[in-house]
Amino acid sequence: MSARPAPLWLIAGVVPLVNVAVAFLAAGLVIALIGENPLEALQIMLRGALGSQYGLGYTLYYTTSFIFTGLAVAVAFHAGHFNIGGEGQALMGGLGAALVALSLPFLPWPILLPLCVLGAALAGAAWVLIPAYLQAYRGSHIVITTIMFNFLAATLLVYLLVGPMKMAGSMAPETARFVPGATLPLMNQMAAWFGLTLTRTPLNLSFVFAILAAIMVWVLIWRTRLGYAIRTVGANPDAAVYAGISPARITVIALLISGGLAGLMATNEILGVQGRLINEFTAGAGFVGIAVALMGRGHPFGIVLAALLFGVLYQGGAELAFDKPKITREMIIVIQGFVILFAGALEMMFADRIASLYQRFAGQPVSA
Amino acid sequence: MSEAFQIILLAVDSAIRLSVPLLFACLAGLYSERAGVVDIGLEGKMLIGAFAAGATASLVPNPWMGLLAAVLASVLFALVHGFASITQRGNQIVAGVAINVLASGLTAILGNAWFNQGGRTPQLPSGARFNEIVLPFAESARAIPVFGAIYAEVISGHSVLVYGALALVPLTWFILYRTRWGLRLRAVGENPAAVDTAGLSVTALRYSAVIMAGILCGFGGAYLAIAQSAGFITDMTAGKGFIALAALIFAKWRPVPALGACFLFGLLDAVALRIQGVSFPGIGQVPVQAIQALPYLLTVVLLAGFIGKATPPRAVGVPYLKERS
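Residue numbers (our numbering), protein chains in the order written: chain X, 1 to 368; chain F, 1001 to 1325.
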């Protein structure tokens, strides 16, 4: 009797859940190691993140950024490439939005605001253009080039913010404030238009953009000709050639979309919250995107859920650091690391065991 | 002695100090990648090593114990990377990212919980650090023109780890090109199937290379925390692991050019530190960021194939799956 593949719900549902559970278990051990109670910590985090309108607003505000960066990593994954440069592309997205907002302040908001959002996406895409071209046509490894471009973006932004773009008279490395027409409304302001009262949080319109982006990525990858080409190139570039698809061209296009999505992360932080360009505003969201994409297994629905989980972790982690000074905010980074390790690098570690368990109950041989 | 000569000597001296952590990490990456395991976790291994060195040396005031702890911590992380990349045949790059993220989070949280200094380890007394060694006759040699100054300023007055790092370059060359293990290591990075056919264990060879990378990253971390500084500070590697990776590509995965690349990047760092606010005739001020960006920029240009071609070991990044009969 030959083994048949394990059912999809097992491989795409149970295995990732086990992986994430192990990651959290490992993080719990770290909390125990520093002499705190992991269960109590979990309780504080959940209450802080979901227990109030205020907490929930912050949670969804963090989620917004992670949806964008997670989608960015996922689109590149589908084409078989690892875009590790989300951090730099998001920084450049902020620069793009700021350049539009600061150079065209006279435009009415219905024109200026879409241009700012477009500026963020285009600048993010532009920042991956060179690495994408070099990967596609000269075989330079995209992982290395995008790492280098992350550092280049960071140094470029510092240069601009302490030099040419610095607001006159300010000590901080930041630009002047944008005109109100170049900023996105906060969710509580939008609720007020409909007569609703919400607590003021940084949650803004870009959350809606993020959900739309997730839907559009799903349509792109599974319902369009381009998406089919992207998945073909990702699965087997040689086969793609025989199907009349140019792997080089598709690589560049997929990575440009990826960079654009990463750039859109800036709509949340720069257009939605800051209303000016500041240094290091991405705060690691580009790297969270890697964990989010791995955890969501590249599917937009999984990515939104994973981004929400990381949103809970970020907001809950802030509350936790406030309640338990020993568990600093870096706890989130530890959890992120374990998620990348268990849901990414060790993805198949438990798959065989789970498949054989299933086999024992289902009574037929399966292979993971 | 002219002033310009003195400035050059000081710049070279500080370039040596700044290039040592790069050199350790770069040679670490060299062992790993020549054996076919991509290592973008150099940064994380160095960071956890630096933390272990700083923490241990503050408890046991002996730099050698600090170094030992750094090596152990870094090797532990290397084994995680090896387990994921070799045994589980997972994605080596994702494993490297996991190592980096974990190291960055763990060092901050454990440092804060154990020492209550916002993530730092306590300031180390002189006896708990690797101190500068003044070579014999350094002071009396100053009287000799040119060579005396070079000897006193540049060659003498470094910690034992600096001399160790420099000695590691010819040693690595010898190991790679003149020993049996080195030959096998290079073979396993180019054509693991052939090594397997010859009856050697691909797994064992790759693990030995990954452990070697762990040991060297531990040295690099220890240098940062207990030789260059007097304790660990949060995120003290600050991207050095990635510059080392750039240097490795720049050196085309060869030990002697690795020394050159690390020294070049160290020199750029030293120059960036010195030119802050200095106005040059005809050019004006050069922004520090322009020089800080150079290592990354040069690496991209090299990778693009415009200055020679950097060809990585052929099997790098590919997990080896033994054929089943």
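Beta carbons are placed, not taken as given, at the ideal position from N, Cα and C, and that holds for glycine.
Own chain residues within Cβ distance below 7 angstroms of residue i, not counting five before or after
{"i": "N1112 (chain F)", "result": "G1118 and G1119"}
{"i": "P1295 (chain F)", "result": "I1243, A1246, F1265 and L1268"}
{"i": "A1092 (chain F)", "result": "The sequence given here has Gln at residue 1092 (chain F), not Ala. Counting only Cβ-Cβ distances below 7 angstroms, and skipping sequence neighbours, we find V1037, V1038, S1085 and G1317."}
{"i": "V14 (chain X)", "result": "I354"}
{"i": "W1326 (chain F)", "result": "This structure leaves residue 1326 (chain F) out entirely; chain F is present only between 1001 and 1325."}
{"i": "I1099 (chain F)", "result": "G1041, G1044, K1045, F1077, V1080 and H1081"}
{"i": "N1131 (chain F)", "result": "S1159"}
CB contact flag (residue i, residue j, <8 angstroms)
{"i": "S1058 (chain F)", "j": "A1270 (chain F)", "result": "no"}
{"i": "P1313 (chain F)", "j": "E1033 (chain F)", "result": "yes"}
{"i": "M446 (chain X)", "j": "G124 (chain X)", "result": "Missing from the structure shown is residue 446 (chain X); chain X here goes from 1 to 368 and no further."}
{"i": "A1035 (chain F)", "j": "L1205 (chain F)", "result": "yes"}
{"i": "G263 (chain X)", "j": "A153 (chain X)", "result": "no"}
{"i": "F1077 (chain F)", "j": "A1053 (chain F)", "result": "no"}
{"i": "I142 (chain X)", "j": "H81 (chain X)", "result": "yes"}
{"i": "V334 (chain X)", "j": "F66 (chain X)", "result": "no"}
{"i": "R372 (chain X)", "j": "N188 (chain X)", "result": "One cannot answer for residue 372 (chain X) here, as it falls past the ends of chain X, which runs 1 to 368."}
{"i": "G1082 (chain F)", "j": "L346 (chain X)", "result": "no"}
{"i": "T63 (chain X)", "j": "A307 (chain X)", "result": "yes"}
{"i": "I303 (chain X)", "j": "L8 (chain X)", "result": "no"}
{"i": "A132 (chain X)", "j": "L256 (chain X)", "result": "yes"}
{"i": "C1262 (chain F)", "j": "S1019 (chain F)", "result": "yes"}
{"i": "G163 (chain X)", "j": "W127 (chain X)", "result": "no"}
{"i": "M165 (chain X)", "j": "L277 (chain X)", "result": "yes"}
{"i": "I1226 (chain F)", "j": "A1128 (chain F)", "result": "yes"}
{"i": "K1240 (chain F)", "j": "A1310 (chain F)", "result": "no"}
{"i": "L1106 (chain F)", "j": "I34 (chain X)", "result": "no"}
Near the ligand COA: residue i beta-carbon under 7 angstroms from a heavy atom
{"i": "A1213 (chain F)", "result": "Only the bare structure without any ligand can be found here, which leaves the ligand COA out of the picture."}
Simplified DSSP state of residue i, which is helix, strand or coil
{"i": "I278 (chain X)", "result": "strand"}
{"i": "Q1123 (chain F)", "result": "coil"}
{"i": "L198 (chain X)", "result": "coil"}
{"i": "A1135 (chain F)", "result": "Checking the displayed sequence, the identity of residue 1135 (chain F) turns out to be Leu instead of Ala. Of the three classes helix, strand and coil, the one that applies to L1135 (chain F) here is coil, per DSSP."}
{"i": "S140 (chain X)", "result": "coil"}
{"i": "L186 (chain X)", "result": "strand"}
{"i": "G1284 (chain F)", "result": "strand"}
{"i": "N19 (chain X)", "result": "helix"}
{"i": "N1100 (chain F)", "result": "helix"}
{"i": "N1116 (chain F)", "result": "coil"}
{"i": "D1013 (chain F)", "result": "helix"}
8 angstroms Cβ shell around residue i - same chain, five flanking residues per side excluded
{"i": "S1325 (chain F)", "result": "Caution is warranted here: a pLDDT of 47 is assigned to S1325 (chain F), below 50, making its placement in the model unreliable, and no coordinate value can be reported."}
{"i": "G1029 (chain F)", "result": "D1039, L1042, A1213, A1244, L1245 and L1248"}
{"i": "N1191 (chain F)", "result": "R1314 and A1315"}
{"i": "L1168 (chain F)", "result": "L1023, F1024, L1027 and L1216"}
{"i": "A32 (chain X)", "result": "P38"}
Same chain, Cβ closer than 6 angstroms to residue i, neighbours up to 5 away in sequence not counted
{"i": "R1186 (chain F)", "result": "R1034"}
{"i": "P202 (chain X)", "result": "Y61 and V273"}
{"i": "F338 (chain X)", "result": "A23, A26 and A27"}
{"i": "G234 (chain X)", "result": "H78, A79 and G80"}
{"i": "V312 (chain X)", "result": "A49 and T59"}
Below-8 angstroms beta-carbon distance, residue i vs any chain B residue
{"i": "R138 (chain X)", "result": "Among the chains of the structure shown, chain B does not appear; the protein chains present are X and F."}
At 4 residues or longer, and completely inside the stretch 255-303 of chain X: list those alpha helix (DSSP H) runs for me, N to C. For the stretch 255-303 of chain X, whole alpha helix (DSSP H) runs of length 4 or above, ordered along the chain, are 285-295.
Run through the stretch 53-98 of chain X for me and flag every whole alpha helix (DSSP H) of 4 or more residues, listed as ranges in chain order. The alpha helix (DSSP H) runs lying completely inside the stretch 53-98 of chain X and spanning 4 residues or more are 53-78, given in chain order.
Under 7 angstroms (Cβ pairs) to chain F, residues found in the stretch 159-193 of chain X: Per Cβ criterion, the list reads Y159 and G163.
For the stretch 126-180 of chain X, list the alpha helix (DSSP H) runs that are entirely contained and at least 4 residues long, ordered along the chain. Here the runs fully enclosed are 142-162.
Complete alpha helix (DSSP H) runs within the stretch 1257-1282 of chain F (minimum length 4 residues, chain order): Entirely contained in the stretch 1257-1282 of chain F, not one alpha helix (DSSP H) run reaches 4 residues.
In chain order, which alpha helix (DSSP H) runs of at least 4 residues are fully inside the stretch 1140-1171 of chain F? Counting whole runs of 4 or more residues, the stretch 1140-1171 of chain F contains the alpha helix (DSSP H) stretches 1147-1150.
Please give the ranges of any alpha helix (DSSP H) in the stretch 1034-1068 of chain F, keeping only runs that are unbroken, at least 4 residues long and fully inside the region. Whole alpha helix (DSSP H) segments, 4+ residues: 1042-1059.
With 9 angstroms as the C-beta to C-beta threshold (strictly closer), list the residues of the stretch 1230-1251 of chain F near chain X in chain order. Within the stretch 1230-1251 of chain F, the residues whose Cβ lies closer than 9 angstroms to some Cβ of chain X are T1234, G1239, F1242, I1243, L1245, A1246 and I1249, listed in chain order.
Check distances from the C-beta atoms of the stretch 1280-1294 of chain F to those of chain X and list, in chain order, the residues that come in under 8 angstroms. Listed by position along the chain: P1287, Q1289, A1290, Q1292 and A1293.
Curious, which full-length alpha helix (DSSP H) runs of at least 4 residues does the stretch 1166-1233 of chain F contain? Within the stretch 1166-1233 of chain F, the complete alpha helix (DSSP H) runs of at least 4 residues are 1180-1190, 1192-1197 and 1202-1223.
Contacting positions in the stretch 1027-1061 of chain F - beta carbon closer than 9 angstroms to chain X: Residues passing the 9 angstroms Cβ filter: V1038, I1040 and G1044.
Check each residue of the stretch 1110-1134 of chain F: if its Cβ is closer than 8 angstroms to any Cβ of chain X, include it; give the result in chain order. Within the stretch 1110-1134 of chain F, contact with chain X at the beta-carbon level (separation under 8 angstroms) is assigned to L1110, N1112, A1113, W1114 and G1119.
Which residues, in order along the stretch 1097-1109 of chain F, keep a beta-carbon less than 7 angstroms from a beta-carbon of chain X? Against chain X - using a Cβ distance shorter than 7 angstroms - the residues of the stretch 1097-1109 of chain F are V1097, A1098, V1101, L1102, S1104, G1105, L1106, A1108 and I1109.
If the cut-off is 9 angstroms on Cβ atoms, which residues from the stretch 294-323 of chain X count as contacting chain F, listed in chain order? Taking 9 angstroms as the cut-off between beta carbons, the residues of the stretch 294-323 of chain X near chain F are L294, in sequence order.
Please list the residues of the stretch 79-98 of chain X that have a C-beta atom closer than 8 angstroms to any C-beta atom in chain F, keeping them in chain order. Answer in chain order: F82 and I84.
Report the residues of the stretch 140-157 of chain X with a CB closer than 8 angstroms to any CB of chain F, ordered along the chain. Those residues of the stretch 140-157 of chain X that come within reach of chain F (Cβ to Cβ, closer than 8 angstroms) are S140, H141, V143, I144, T145, I147, M148, F149, F151, L152, T155 and L156.
At a Cβ cut of 8 angstroms, what residues of the stretch 194-219 of chain X count as close to chain F, listed as they run along the chain? From the stretch 194-219 of chain X, no residue has a Cβ closer than 8 angstroms to chain F.
Which residues, in order along the stretch 219-238 of chain X, keep a beta-carbon less than 9 angstroms from a beta-carbon of chain F? Residues of the stretch 219-238 of chain X with a C-beta atom less than 9 angstroms from some C-beta of chain F do not occur.
When you check each C-beta in the stretch 337-366 of chain X against every C-beta of chain F, which residues fall closer than 8 angstroms? Answer in chain order: G337, F338, I340, L341, G344, A345, L346, E347, M348 and M349.
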